[in-house]
Each structure stands twice: as structure tokens, then as C-alpha cells.
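Since the structure comes first, as C-alpha cells, the remarks are kept for the end.
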Amino acid sequence: MKVAFSSIQAEFAAALRSSGDEKGLSEIKVRFLGKKGSLTGVLKELGQLPADERQTVGKRVNELKAYMEEALELAQKALAEKNMAARLEAEWVEVSLDTGRRRVGNLHPLSQVQYEIEDIFTSMGFDVLDGPHVETDHVNFEALNIPKDHPARDMQDTFYLEDGNLLRTHTSTIQVRGMQRLRPPFKIIGPGKVFRCERIDASHEVVFHQIEGMMVDKDIKVAHLIYFMKVLLSKIFGREVEVRLRPGYFPFVEPGFELDIRCLLCGGKGCSVCKQVGWHELLPCGMVHPNVLRAGEIDPEVYSGFAF
């Protein structure tokens, strides 16, 4: 029996080269290795060969079969890679293009204002301090010249806790703790939340924010207070501002003032925004009361300060 192995192999190779898809590869496999395939037919006739020839032909058939199976496997792998590359090319996305994603979020307006004010004061040499929300009666009231029988306590509806402590009603408590920890000269501000038992309406809330500050040194005067407040307001509003002080009563300062700013819309002529008075009441301030300095273990005969 003469088998044209070279012819079968050449025919297989030619068919493999001309095939370009899965269907073509399947047809080649059936054509050469299927039940009625060229190589399968040779295997079926091995039994008719003499023993010595059967071994030689059988070996050659197995070698050719292994070659075909490996070639088909490589061809299928190459075809799969080609198809994947074509698919990726078709579905390719330019990842460097601007997708127009929206920003995840921004700082809350209160936080933005707080950080802006902190930056302004730190640029003038102030330190930013913090303090606990739960305070003692002494720090929240008595150290600020508000003893237990003082009528000013009635002005601040306070949340008292079962242990006798309370939720701070102002950030002046940060100033008290600052005086206890620092030695003059110093300049500090204390931003944070405060708590009062208020009836909630359009202008009142049980939780709100304050920023208070103070400067303590030798020979501090009202002129220093006016200067720092004008710098602060000018930087916040982005223009020069005019301020004035009116007498005001606050237990922790003496003298105490209400600081007003000239209306930025009408220039002081009077408009609906300033209620025709030409000024806006802005913040309380004054010179630190000697009793407050003493509570902070600071000698009022040597040092003075302003607070706002």
C-alpha cells in the first residue's frame, strides 16, 4: 500500500492557508480528520497491510495526524486573536477625551466662608484654635464675667446636660481655653458650632456657627481693634470699607461696641437693603474685660486686649 503522505500534507497546508474563518477550519478538520477524512481512511486500511509495513505506515499516519491537530489548534488561536483585535478596534474608546464628568461636590458655603476668614486672620499672625462642644458652666459663663445670677444668662437659652455641663452657647469658650494655655502676647480666633435652645424660624436655629477672636498684648487699644476689623472686611468684600463703632453692652468686654459697616450698595445714602439707614450692624466687639483676663490668669494691670 502506497500512501501519498506528502500530497495529503501539502493539500492540508494549502487548505489551511486559504481558510479565514471558523467555518473553514471546521471543514478542514472534517475533510482530513473526520470519520470519512483523508487521514482517517488510511488508518482504516492499516489492518490490511503486512505487519512490517503496518508499523511504518501507522507511525507516519500518527505523526501527520498530530501535525494537523496542532496546526488546526494554532490556526484557531490565531483566528480568535484576530477576531478579538477586530472587535477591540471596532469598540475602541478614546479615553483621553473629556467625558464632561460633573464634579463630585463642593465645600458647603459655611465651610468656604470659615476657611476664607481663617486664611485672612492667619495671614495677620493669628492662630486658629478649637475647643469642645460640651463645656463647663465656668468656662462658658463665669470665666466670661457672667456669674450665676447675671441677667445675661437669660439672653442665651442654654442646653444643660444631666452632669451639670452644657452645650457651649458661643465660641468665646475657645478664647477662655486659649488664655489658660497661652501666655501673652497672642492673637487667636476660634471658629465652630454653638448651640442654643431657640425657636426655629427663618433667622434662628438651634445650631449655628460663630467665629470669635481676641488679641492680648501690652498697650492694646481700640485703634488696634478697628484696624484688624477693617482689614478683615476689606479682604472679604474685595474693596475698602468704612466702619463705625456704637456703644454696646456685652459682659466680657469693657467698653463694648457694635461694629457697623457702611452699606456697600448705596454708599450710606440709604436703600432698602440697609433699611434706609446707610449702615449694617455687623458684629459685637470691645476691649477684653479685666475679669476675663484674670480668669485666664493674665494680669490686667500689665496686659490688655480686644475681642470680637
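Start counting the sequence shown at 2; every next residue gets the next number (the working numbering).
Every residue, glycine too, gets a C-beta built ideally from N, C-alpha and C.
For clarity, every value in this text was computed on a predicted model and none was experimentally measured.
Between residue i and the rest of its own chain, which residues show a CB-CB distance below 7 Å, the 5 nearest in sequence each way excluded?
i, result
"C267", "C275 and G279"
"T41", "L34 and G35"
"N141", "L167, R169, T170 and T174"
Once DSSP output is grouped into helix, strand and coil, what is the label at residue i?
i, result
"D128", "strand"
"Q181", "helix"
"S39", "helix"
"E241", "coil"
"F309", "coil"
"F6", "helix"
"G257", "strand"
"H205", "strand"
"V135", "strand"
Can you tell me which of the options puts its alpha carbon nearest to the alpha carbon of residue i?
i, options, result
"L17", "S8, E28 and S7", "E28"
"G214", "G239, M288, K149 and K78", "M288"
"G191", "Q277, L130, D218 and T57", "L130"
"D128", "Y304, M216, E302 and R247", "M216"
"E277", "L283, C264 and P285", "According to the sequence displayed, residue 277 carries Gln and not Glu. The shortest C-alpha separation from Q277 is found at C264."
"I147", "F309, I299, D300 and N292", "N292"
"T159", "V135, L40 and D53", "V135"
"D155", "T170, L108, L233 and G38", "T170"
"P301", "S273, R55 and R184", "R184"
"A153", "Y250, G271, G38 and K24", "Y250"
"E281", "L294, E54, D261 and G269", "The amino acid at residue 281 is misidentified as Glu; the sequence shows His. Closest by alpha carbon: D261."
"R197", "V58, R55 and L162", "L162"
"G126", "R104, P186 and S97", "P186"
"E23", "R295, L246, A81 and F13", "A81"
"S7", "E95, E46 and M69", "M69"
"G179", "H210, A91, I201 and P133", "P133"
"F309", "S273, L246, G269 and R103", "L246"
Can you check DSSP and say which residues form a bridge with residue i?
i, result
"Y161", "L167"
"K194", "H210"
"W93", "DSSP, once it has assigned bridges, lists no residue as partnering W93."
"I189", "D128 and M215"
"P285", "E259"
"R247", "E259"
I'd like the list of long-range same chain contacts for residue i, defined as Cβ closer than 8 Å, with 5 residues on each side in sequence excluded.
i, result
"R240", "L265"
If residue i and residue j are in contact, beta carbons under 8 Å, what's the gap, nearest whole angstrom?
i, j, result
"V43", "V62", "5 Å"
"F253", "H290", "5 Å"
"G306", "V177", "Actually they do not touch by this definition, with Cβ atoms about 13 Å apart."
"L145", "S112", "Not quite, the Cβ-Cβ distance comes to about 27 Å (not below 8 Å), so this is no contact."
"I212", "I118", "6 Å"
"I121", "K219", "The pair is not a contact, with the Cβ atoms about 25 Å apart (cut-off 8 Å)."
"Q77", "L26", "6 Å"
CB-CB under 6 Å to residue i, same chain, minus the five flanking residues each way: which ones, in chain order?
i, result
"V207", "E199"
"L75", "none"
"I9", "S39"
At a cut-off of 8 Å, would you count residue i as near the ligand PLP, judging by its Cβ distance to the nearest heavy atom?
i, result
"L34", "This structure lacks the ligand PLP; in fact it carries no ligand of any kind."
Looking at chain D, is there any beta carbon in it that lies within less than 9 Å of the beta carbon of residue i?
i, result
"L65", "Note that chain D does not occur in the displayed structure, where there is just one protein chain."
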